[in-house]
Structures are given as C-alpha cells and as structure tokens.
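Undergrad: The listed protein sequences derive, respectively, from chains G and H.
Residue 1723 is where the first sequence ends in the numbering used here, and the numbering goes up by one at each step.
Residue 1651 is where the second sequence ends in the numbering used here, and the numbering goes up by one at each step.
Quick reminder that beta carbons are idealized off the backbone N, C-alpha and C, glycines included.
Only a predicted model underlies this, so the values are computations on that prediction, with no experimental measurement involved.
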Amino acid sequence: MQAIVKSDFIGKDTAASAERPFIFTRPTAKTGLISWLTTVDHKKVGLLYGISSLFFFLVGGFEALLIRLQLAVPNNTLLSAQTYNELFTMHGTTMIFLAVMPLSAAFFNYIMPLQIGARDVAFPRLNGFAFWVFLAGAIILNVGWFVKSGSPDVGWFGYAPLTSKAYSNEFAADMSTDLWVLGLQVLGVSSVIGSLNFIVTIINLRAPGMTMMRLPVFTWMTLITAFLIVLSFPAITIALIALMMDRSFGANFFEVSNGGLPILWQHLFWIFGHPEVYILILPAMGIVSEILPTFSRKPLFGYPIIVFSGAVIGLLGFGVWSHHMFTTGMGTVATAAFSLATMAIAVPTGVKIFNWIGTLWGGQLQMRTPMMFALGFVWMFMMGGFSGIMHAAAPADSQQQDSYFVVAHFHYVLIGGSIFALLAGIQYWFPLIFGRKVSEMWGKLSFWVIFVGFNVTFFPMHFLGLNGMPRRTFTYDGNMGWNSANFIATVGAMILGIGIAVYFAVMVYTYFKGEKVGRDPWGARTLEWSIPNPPPEYNFAVTPTVHARDAFWYEKHHQAEIATEKELHAKEEESHGGIHMPSQSWFPIITATGMLAGGLFFANHNFLGAIAAGVVVFIGVYLWAWEGPGGYHLHLDKDGNTIEPKDGHGHH
Amino acid sequence: MSSHSASGAIDHHHDATTSTGIPNKKLFMWTFLASDCMFFGALISMHVIYRIHPPAGSPDPRTIFSIELTSFSTFILLMSSLLMALAVNAIQKGNLRSTRNNLLGTIFFGLIFLACQVYEFQHFVHDRNLTLSSSIFGSTFYTLTGTHGCHVAIGVLWLVLMYIRTFKPADADKSRKPWFIMSVVHLIVFTVATLLGVYVTVDFGHQLQTPGFGIGAFLSGHLIPLIGLAASLAGLIFLGRGKGPVDFGEANAMDVESMGLYWHFVDIVWIIIFPVVYLLEYI
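1) Given that a residue counts as buried once 16 or more other Cβ atoms are within 10 Å of its Cβ, and exposed if not, what is G/M1438?
2) Drop a sphere of 10 angstroms on the beta-carbon of G/H1629, count the other beta-carbons inside from all chains shown, and report buried for 16 or more, exposed for fewer.
3) Does the distance from the C-beta atom of G/F1452 to that of G/G1488 stay below 7 Å?
4) Consult DSSP for G/P1541 and reduce its assignment to one of helix, strand or coil.
5) For H/F1633 and G/F1228, I'd like the C-alpha separation in whole angstroms.
6) Of the residues that make up the stretch 1683-1709 of chain G, which ones have a beta carbon closer than 8 Å to any beta carbon in chain H?
7) With distance defined between alpha-carbon atoms, name the residue in G/E1599, G/S1367, G/L1314 nearest to G/A1612.
8) Report the neighbours of G/A1306 on chain H: residues whose CB is nearer than 9 Å to its CB, in chain order.
9) Per DSSP, what kind of secondary structure is H/S1387 in: helix, strand or coil?
10) Using a Cβ-Cβ distance cut-off of 7 Å, determine whether H/N1353 contacts chain G.
11) With DSSP collapsed to three states, give me the class of H/L1498.
12) Rounded to the nearest angstrom, what separates H/G1589 and H/A1561 at their Cα positions?
13) So is G/N1712 buried or exposed if we call it buried at 16+ other beta carbons inside 10 Å?
14) Touching or not, the stretch 1681-1690 of chain G and the stretch 1659-1672 of chain G, by the rule of three or more beta carbon pairs under 8 Å?
15) Tell me the residue span of the alpha helix (DSSP H) that contains H/H1380.
16) Which residues share a DSSP beta bridge with H/R1430?
17) Which same chain residues end up closer than 8 Å to G/F1534 when comparing Cβ atoms and leaving out the 5 residues on each side of it in sequence?
18) Let's see if you can read the secondary structure: which residues bound the beta strand (DSSP E) around G/I1650?
19) According to the Cβ coordinates, are G/L1363 and G/W1427 closer than 7 Å?
20) At which residues does the beta strand (DSSP E) containing G/H1704 begin and terminate?
21) To test your reading of the DSSP string, which unbroken beta strand (DSSP E) runs of 3 or more residues are found completely within the stretch 1566-1652 of chain G?
22) Mapping the DSSP letters down to three states, classify H/I1640 as helix, strand or coil.
23) Quick check: the Cα distance between H/A1374 and G/I1309, rounded to an integer number of angstroms?
24) In or out: H/V1637 buried (at least 16 other Cβ within 10 Å) or exposed?
25) Could you check which residue in G/N1329, G/H1462, G/V1301, G/F1448 has the C-alpha nearest to that of H/P1427?
26) Check the Cβ of G/L1302 against every Cβ in chain H and list those closer than 8 Å, keeping chain order.
27) Buried or exposed: H/Y1650, going by 16 or more other Cβ atoms within 10 Å of its Cβ?
28) Which residue wins for smallest C-alpha separation from G/G1390, given the options G/G1456, G/Q1153, G/L1299?
29) Can you tell me whether G/W1657 is buried or exposed, with buried defined as 16 or more other CB within 10 angstroms of its CB?
30) Output yes if chain G places a C-beta closer than 7 Å to the C-beta of H/L1629; else output no.
31) What residues from the stretch 1420-1450 of chain H come within 9 Å of chain G, judged by C-beta to C-beta, listed N to C?
32) Can you tell me the Cα-Cα spacing of G/F1202 and G/I1602, whole angstroms?
33) Could you tell me which chain H residues have their CB closer than 7 Å to the CB of G/R1277, listed as they occur along the chain?
34) Using a Cβ cut-off of 7 Å (strictly closer), state whether G/N1180 contacts chain H.
35) Residues in its own chain within less than 6 Å of G/G1117 by CB, not counting five upstream and five downstream?
36) Do the CB positions of G/P1305 and H/S1439 come within less than 7 Å of each other?
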C-alpha cells in the first residue's frame, strides 16, 4: 500500500529513481547549462523569460529605430517598401508577444510564488515547458530574417485578405505569413499553459493565512491577466486555425471570391486583441501598485478598490473589441454600444489612478530610481489614457483611425505605461534577484534620458496624426507639412535608444560590480523581501504564516511572535520529511523542440515532417508522464544551509 | 502532507495540501475547459455566422447529411460519458477490474464515434462532393467537426494510456522488470488494433452500400487486415490479463477524474454541435 498513498506532488526520493531506466534518470545539476535546460525552478524559469524577452525587446527596438530613420526625411530611400512592411510587422509582433508579455511572465514566474509564500508553482515541469514553447514560437516568428521568403509583412493584426495566399504570394513566393501564423499559434500554447499554471498556483498554493484579499496587488493582477489570457487566446487561435486551413488546405474562411468575410477576421482578432492590451497593462499596474506604497512609506490606498478595478477592467475588456473597427460600418447601434462600453472602461482605470495618487498623498516620498519610473508610469499612462478616451468617441475616431494619432496613443500606453512599469520592476526587484543595486545617479540618468526621448518621439505624433499622416506608409511627400514633426520624432527615437542603451549598460555593470545590498534594501512590505538575496532554491526555509495584508511589514513589527511561530513550523515540516522540492526534467524542452520543428515544417508545407515532429511531441509527453512528478527533500541546518538528503528519509 | 483524512480513507473531494481543498489537477482541468469553451465558442460561432450569410451557390446541408448515422454516433458518444462516469466511480472505490472494463468501454464507444466520423467525411467527400474548398459550408463544417474529432481522438489516446497505466507493477520502480518496454508494446498493439478495426469497419460500411455485396467476398478481400485485427486483439487480451499487485488504485482517482472531466466536456461540446450544425437544418 506504500506505493499508492502518494498524492500528486509528493514524489519519490531521488534515491529510488536511481534504479530506473537510463532515460528516466532525473538531471540533478544545480549549475551549468544542464541545470538551465532542465530547470523546474520558477526563479530560473523567470530569469530565462526575462533574459530572452529583454533580448527581443532590443531586437524590436532596433526595428523601431530603422523605421524612424526611414521616416526622418520625406521621400527617403533608406528602406524599401517591402522591408518597411516587414519591419513594422515584426516590430509590433515582437514588442507585444516577445517583449512585453514574456517580460511580464518573467515577473509572474519569479515574484508571484514568492509573494504568496510558495516554494514553486503548482506544475513545475509545465512551467519550464511554457518557457521553451515560448522560445520555439519566438524562433518561428523570427526565422524569416534568415531565409529567402523574408519576415512576415502582414502587420501584427494580419488582416484578411492581406494574408490570403493569392495576395501575399504576389510579392514573394512566401512562407512568411505561414511563419507568422504558426509562430503565433505556438506562442498561444505557451501563454495559455503558463497562465493555467499561474491560476492554479495563486488559488491553491497560498501560504497559510494568505487569504485572497491579502494577496499583494501584483499577484492579483497576475491572476486577472492569467484569466484574460486563458479566455482571450482561444479566439485568435481559432482565427489562426481558419487562416491556416485557408493557406495550407484551400479552405474558404477568408477567401472573398468564395464568400469569405474578411470582417470576421477583424472581429475574431480583436476579441482577442482588446483583452490583449489589458494583458499588457495589468501586470504593469500590479508592479506600480507594489512600488508606490514602498517608496511612499504608506500602505496602498484603497486596496480592495484597486483589486476590483483590475477585475472590472479585465471583464469590460471583453466587451469593447469593436472600437478597433468603428470605420468598418458596423451600424449605428453597435458603434454606439461599443463607444459607451469603451468610455465605461475609463472609470475603473481612473479609479486606479486616483488610488495611486491617494497612496502618494501625505506619504514620505523616497525618490529612488524605481519610484521615478513608477511615477513616470502614472503620468505617461494617464496621457495615453486621455487620447484613448478621444478614440472612444466614434465620430472623432473615424478621423483618427489609422493615423499617427493612434500610434501616439498606444505608444503612450505601451511605453509610457507597460515599459516604464516593467523597467521600474526590474530596478525594484534587481536587489532581490541579484543582491546588487543600481547606483541612484546612473539609474536616474537613464530614467531622464528615456523619459525625454520617449516624449520627444511620440508627442509630435499626435500632431502628425491630426494633420492626416497615415500609419504604415513607408515614406511621404515633402509638401504635406509633416517634415519637422517627423524629424523631431526621429531625433527623439535616437535619444530614447540612447536612454535604453544606458539603462542596459547600467544593468549589466550592476550585475557584475554593483553595490551589494543586504536583505530588504527598500524597507518593503511583501513576502518576497523576507528571504535572503539572491533567494535560495527552496525560497522559504519555513513556509511563512500570514497575519496581515502587508505580510512582511507585520513580520518586521512582530519579530518575537514570528520567530516562535517559525521555529514551531520548522519542526513540523522536518517531521513531515523536510522541504519538498520538484525534480528537474529533460522532457519539457524535448517536447517543445518537437513543437519548434513541427511549426517550421508546417510553415514550409512539409506535412510529413510536421507529422514526424508531432510524434516527437507525443514521445516527449509520454515520457514526461511516465517519469512522474518526482521530487526530493531538502533538510536545512540552523543557518539555512542544505544538508545532503539521506536515503530512505523522504518516503511517505 | 497527503490526501488522507484522519480515518485513513482517501477523501476524493478535498485535498488538504491545497489552499482551497480543490486538488491542483482538478482546478487545472476546469480552467483549461473554460479556455476550451471559448475555443469551441469561437469555432461554432464561425460556422453559424457563415450559415446565416451563405454565399450564392452554397449547398443545402440537408442534401449532404446522413442524419440517421450522426444521430446514432451522437447517442454512442453520450453513452460513452456514462461509462466514463462509471470508471471514475469505480476507481474512487478502488475497484480496479471495473475501472478497466469501463475504460475499455469508453474507448470502444469513442472509437465507434470516430469511425462514424471517418465514414461520414469519406462519404461526404466522395459521394456528396463536399470538400474543404468546395464551399464556405465545407470549410466551416470540416474544420468544426474535425477539430471536435481531434479532441475525441486525443481523449481516446489519453484513455488508452490510462488503461495501460493500470497495469504498472507495484515494484516497477524498484526492479529492473521491463515495464517501460511493456507499456510501449501495449500501446503499439492497441494502436494497430484500433487502426485495423476502424479501417475494416468503415470499409464494411462502404461496401454494404455497393450493389452485389457479399460477405464472403468482403472477408476474403480483407483477409490480411482481419487476421491482423484478430492477432492484435488476442495480443490485447494477453497483455490485459491481470497478474501481481499494481501501482494503480484509489490514489490515482484524481488522474482518472480529470481525464473524465475532459471527456465529458468534449461530449457536451458535441451535444451542442449536433443540434446547431445538424438538427437545426431540418426545422
């Protein structure tokens, strides 16, 4: 009976698996390449997400600089129209799917389990898998730069009939659109799997006493974002499957000559696409909601209101998609309804802004670098929000549609919003992750250069748009009155590029040579700061018990009580067999490799190859299931050092 | 730290190791099904939208469908859910024999449904000239029902793997017995039996409708597949004889249950697709 009483996350000790067949020998390396390839540690997965998304952030930024250089002067011939199309398509796709989303996922992975007092996510191997599938999707999307067909050139929205075979093949006998279709589908798999894992983790792996209304706001926003991903990605998956059937098997979904309706693509795309913009901004709002109270030395103002506003934004986000389509002729009633719903969404957003201001009000503001970026976020995001309300009015929007005014709007919410908050988050949690802190002088310098560069780039675009400059045109005539604003924007983009370069250079320098800091350098309030930095593999030597919303703040002010409690719980955990850790595994990366190969074969219309890759995926999943969750136990001495696990100590 | 209550019996509705008491796997599956709801919601809507706005020259679905066959396969799929529920119930009581039988029954009914769909697709393509490219209706019909069919096929595969898993010897991890090899052999034999079974059945259905059909001619024409089918079935019976204690029991109820949730969901999706895509055409 010993064998059948194990529950799903209590595995066998590594000692038992030593006798298993060779392919099921679990990797145990804690450092080096293998430890990264086989990792199930949410912190390592988070770093993998972080490093790759920052890489793609630089790639997308480089694409943006090329776009701005092309537009610096009228009738420029720096780039061809085709290259320009590829650049703006890949800039948008890269920044959304390969930079902002995975950078948010990096924080979800690294910070969220620490904030709820967990030792890992609910399904550690699945978490590693989500990252490797993300990387597979990123490779499929970007492989076009290195092959004859070129990169996708249909826009990040891929409107039909631009994506139809007849149309897209007019310019190049191309698989670039197929790469886009397959790449996005693979990325969707990664996002949904990752999000399912986060949802289960937040709902089920909270430390004792961590009730839902004690969750840090960043964790709340992680949960809401995960639900948005899980519920909105299916719409684009279906749209992409339909498009794939059209392109690969001659179906008629978006084939106008056979009765297909291109407008249907727009609807399906934006049913996904609008929740997607909240997928990009809600994590940012969560990060800012952590930083502002810490550096205002006050609790977050109106915690429940902030949480519910986030949830309302997520909910309303599903009912406003057609405001991207006001000029398609949906009819008065639909237009009015979507217009009203869009304006309604400004209410919970505004409520959040007021709550952040309320948090700052009367606080002892400490103007550290993360705080600067967070304050920049509040201001810049508000600017983007204002122009957003202008689009919500359908008559005004019919003038602004597809003009640079829209470009200005969404860069204010995506750079001024998401990116500022993510850059703030990196600065804020850097000491936790690496034990070193960016120097205030250099950090603030990078902030100011980015802030100035960003505004110089995008503020003039409001005027360009109102003066009628259309998006996505690779050049313009000199007599349109757009010359000076475009030139200013390009200069601003260079400043922004320098600012980002400074930010990254400072980051790299700090990683190697930065000032070392001890535990909790900011005097923060959430549980992730209660552990040593960099955090040990097992996160918490003793699972914390939560007594208040600002859990770590309470710990700092009730030290005697917490110490007694911890000692008691440490003994309890040791009597239960010690700290349970998940075993590493090769199969997540093997399965993801199958998906990479499958996507590439399919994009090439090599279906035999795709089936073979499918078999690899199946074998990966089969062996994954076969090896089981595994796991082993750690035992700590008084100083938190690991004692080698002993044989037969961890059986249940 | 285990899912035992004080009495020593396993509580299948509460997991003391999680914050909510809901087992992680169950929560995962429910959330995934919410996602899949949106997936099929979008797919079914797409079919309905194109049905409401049919382009000129669209075929009349009533001239294509074989409603009797689809009604039959719908009924079979519905009944498979009953067997699935019985399998979950059996494993929660630790009744391994009943679990295996009900899993096999679910697999068998799922395969009947799939065979009907294979037959239906072949029939529509060859006799009714409905293809993916022939019309919008063809595109949406095949994509929708085909995607559902893929879900059923994945479910059957999962069921088969779970069935094979019930034979894992209790000492599999401690001994060097070739349980891994055995599981792969079992899977291969199962696959061969399935493919041959579906092939012979679907072909039988076709030939039944051709004039001059004779059972003798059919048997002699399919001698090799039939012998292969018989051999693989014998292999399944051989591999399925229970011997020795196994590492599968009440503690695995959650695995069977989450599979059951998936299976019921896929069934419910069909219960929506069948009236919307088929029955509504006859009103």
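TA: A quick look at the data gives this:
1) Taking the first sequence and counting its residues from 1, one reaches residue 1438 of chain G at position 367. G/M1438 is classed as exposed because its beta carbon has fewer than 16 other beta carbons within 10 Å across all chains shown.
2) Along the first sequence, one-based indexing puts residue 1629 of chain G at 558. Exposed: under 16 other Cβ atoms inside 10 Å.
3) Counted from its first residue, the first sequence places residue 1452 of chain G at position 381. Counted from its first residue, the first sequence places residue 1488 of chain G at position 417. Yes; because the gap between Cβ atoms is below 7 Å, this pair is in contact.
4) In the first sequence, residue 1541 of chain G corresponds to position 470, counting from 1. In the three-state DSSP reduction, G/P1541 falls in the strand class (E or B).
5) The residue given as residue 1633 of chain H occupies position 265 in the second sequence. The residue given as residue 1228 of chain G occupies position 157 in the first sequence. H/F1633 and G/F1228 have their C-alpha atoms some 31 Å from each other.
6) Residues of the stretch 1683-1709 of chain G with a C-beta less than 8 Å from any C-beta of chain H: Y1693, A1696, W1697, listed in chain order.
7) For this step, residue 1612 of chain G is matched to residue 541 along the first sequence. Closest option to G/A1612, Cα to Cα, is G/E1599.
8) Counted from its first residue, the first sequence places residue 1306 of chain G at position 235. Correct list: M1406, F1407, G1409, A1410.
9) Numbered from its first residue, the second sequence carries residue 1387 of chain H at position 19. Secondary structure of H/S1387 (DSSP, three-state): coil.
10) Only positions 1369 to 1651 of chain H appear in the structure, and residue 1353 of chain H is not among them; the question remains open.
11) On the second sequence, position 130 is the one that residue 1498 of chain H refers to. When DSSP states are grouped into helix, strand and coil, H/L1498 belongs to the coil group.
12) Numbered from its first residue, the second sequence carries residue 1589 of chain H at position 221. Numbered from its first residue, the second sequence carries residue 1561 of chain H at position 193. Near 18 Å, if we compare the C-alpha coordinates of H/A1561 and H/G1589.
13) Working through the first sequence from its first residue, we reach residue 1712 of chain G at position 641. With fewer than 16 Cβ atoms within 10 Å of its Cβ, G/N1712 is classed as exposed.
14) Touching, per the Cβ criterion.
15) Position 12 of the second sequence, counting from 1, holds the residue named residue 1380 of chain H. Careful: H/H1380 lies outside any alpha helix (DSSP H) and carries neither H nor E.
16) Position 62 of the second sequence, counted from the first residue, corresponds to residue 1430 of chain H. Paired residue(s): none; H/R1430 is not in a bridge.
17) Residue numbering aside, residue 1534 of chain G sits at position 463 when the first sequence is read from its first letter. When the five nearest sequence neighbours on each side are left out, the beta carbons in the same chain lying within less than 8 Å of the beta carbon of G/F1534 are those of A1556, in order along the chain.
18) Position 579 of the first sequence, counted from the first residue, corresponds to residue 1650 of chain G. Start and end: 1650-1652.
19) Counting from 1 along the first sequence, the entry for residue 1363 of chain G is found at position 292. Counting from 1 along the first sequence, the entry for residue 1427 of chain G is found at position 356. With a cutoff of 7 Å on beta-carbon distance, G/L1363 and G/W1427 are scored as near each other.
20) Counting from 1 along the first sequence, the entry for residue 1704 of chain G is found at position 633. Unbroken beta strand (DSSP E) run through G/H1704: 1703-1707.
21) The stretch 1566-1652 of chain G contains, as complete beta strand (DSSP E) runs of 3+ residues, the segments 1650-1652 (chain order).
22) Here residue 1640 of chain H is taken as the residue at index 272 of the second sequence, counted from 1. Assignment of H/I1640 by DSSP, reduced to helix, strand and coil, places it in the helix class.
23) The count along the second sequence starts at 1 and reaches residue 1374 of chain H at position 6. The count along the first sequence starts at 1 and reaches residue 1309 of chain G at position 238. Bear in mind that the predicted position of H/A1374 carries a pLDDT of just 42, short of 50, making it too unreliable to give a figure here.
24) As a working mapping, residue 1637 of chain H is identified with position 269 in the second sequence. Counting every other CB atom within 10 Å of its CB across the protein chains shown gives H/V1637 a total of 16 or more, marking it as buried.
25) What you label residue 1427 of chain H is simply residue 59 of the second sequence in a count that begins at 1. Of G/N1329, G/H1462, G/V1301, G/F1448, the smallest CA-CA separation from H/P1427 is found for G/N1329.
26) Along the first sequence, read from residue 1 onward, the residue named residue 1302 of chain G stands at position 231. At a C-beta separation below 8 Å, G/L1302 has these neighbours in chain H: A1402, S1403, M1406.
27) Counted from its first residue, the second sequence places residue 1650 of chain H at position 282. Counting C-beta atoms within 10 angstroms of its own C-beta, H/Y1650 has fewer than 16 neighbours from the protein chains shown and is therefore classed as exposed.
28) Locating residue 1390 of chain G in the first sequence gives position 319, where the first residue counts as 1. Taking G/G1390 as reference, the option from G/G1456, G/Q1153, G/L1299 with the minimal CA-CA separation is G/L1299.
29) Mapped onto the first sequence, residue 1657 of chain G falls at position 586. So G/W1657 counts as buried.
30) For the purposes of this step, residue 1629 of chain H is identified with residue 261 of the second sequence, where counting begins at 1. Not closer than 7 Å to any Cβ of chain G, the Cβ of H/L1629 fails to qualify, so no.
31) Within the stretch 1420-1450 of chain H, the residues whose Cβ lies closer than 9 Å to some Cβ of chain G are H1421, P1422, P1423, A1424, G1425, S1426, listed in chain order.
32) On the first sequence, position 131 is the one that residue 1202 of chain G refers to. On the first sequence, position 531 is the one that residue 1602 of chain G refers to. Taking the straight line joining both Cα atoms gives about 25 Å.
33) Residue numbering aside, residue 1277 of chain G sits at position 206 when the first sequence is read from its first letter. Those within 7 Å of G/R1277 in chain H are S1387.
34) Translated into the one-based positions of the first sequence, residue 1180 of chain G becomes position 109. No, G/N1180 lies away from the interface with chain H (no Cβ there is under 7 Å from its Cβ).
35) Residue numbering aside, residue 1117 of chain G sits at position 46 when the first sequence is read from its first letter. Around G/G1117: A1177, N1180, Y1181.
36) Taking the first sequence and counting its residues from 1, the one referred to as residue 1305 of chain G is at position 234. Taking the second sequence and counting its residues from 1, the one referred to as residue 1439 of chain H is at position 71. No, the pair does not count as a contact, with Cβ atoms beyond the cut-off.
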